[in-house]
Amino acid sequence: MSRAKPPVTPEAIEQIKAAISSRRVSHLENRYGQFHERTIDASGSAGQLMSQLNTIYTVLSGLGTVMRIVAGNPVLEDQFDPDDPTSEAPLSNLAISRLTNMTAAICELIADEIDGAAMGFNDRGQA
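Residue 16 in UniProt numbering sits at position 16 of the sequence shown, and the numbers go up by one each step.
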């Protein structure tokens, strides 16, 4: 003998959806900086700089990885054996060029961000 289950109301479904979505966190949305949010919030006017430092830290960590890949490519070129199916092929010159140009562009963006922040802080300091 089975017991009848109570009907699920539309309101209950919406509550369940809201509970699930509030707990779902994308790793892409996480901040991996060195300064915690509570530290930034408590720092007053330095909070903006700390947030920028967190962004720069995260970006530079990724750029370091990219540059290690680029730097390791000559080793792959030397070791690559097209007759060996287990031999890893090196990156193409086009791929290396794109990675290098991406790195340069990001460095320029970081420099521009720092320049913009400095101008803003300097303007406030002169007022």
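Here a beta-carbon is modelled for each residue, glycine too, at the ideal position from N, C-alpha and C. These numbers were taken from a predicted model, which means no experiment stands behind them.
Is the distance from the Cβ of residue i to the Cβ of residue j below 8 angstroms?
i, j, result
"residue 56", "residue 110", "yes"
"residue 63", "residue 16", "no"
"residue 103", "residue 59", "no"
"residue 61", "residue 50", "no"
Applying the criterion that 16 or more other CB atoms from any shown protein chain within 10 Å of the CB defines a buried residue, is residue i buried or exposed?
i, result
"residue 125", "exposed"
"residue 33", "buried"
"residue 54", "buried"
What residue from the options has the CA that sits closest to residue i's CA?
i, options, result
"residue 96", "70, 77 and 86", "70"
"residue 100", "81, 78, 68 and 119", "68"
Can you list, in chain order, the residues of its chain with a C-beta nearer than 7 angstroms to that of residue i? Leave out the 5 residues immediately preceding and following it.
i, result
"residue 113", "52"
Please confirm whether any heavy atom of the ligand GDP lies closer than 7 angstroms to the CB of residue i.
i, result
"residue 117", "Looking at this structure, you won't find the ligand GDP or any other ligand, since it has none at all."
Considering only residues of the same chain and omitting the five flanking positions on each side of residue i, which have a CB-CB separation below 8 angstroms?
i, result
"residue 76", "88, 89, 90 and 91"
"residue 81", "87"
Within a Cβ cutoff of 6 angstroms, which residues of the same chain sit near residue i, ignoring the five residues on either side of it in sequence?
i, result
"residue 35", "50 and 54"
"residue 47", "40"
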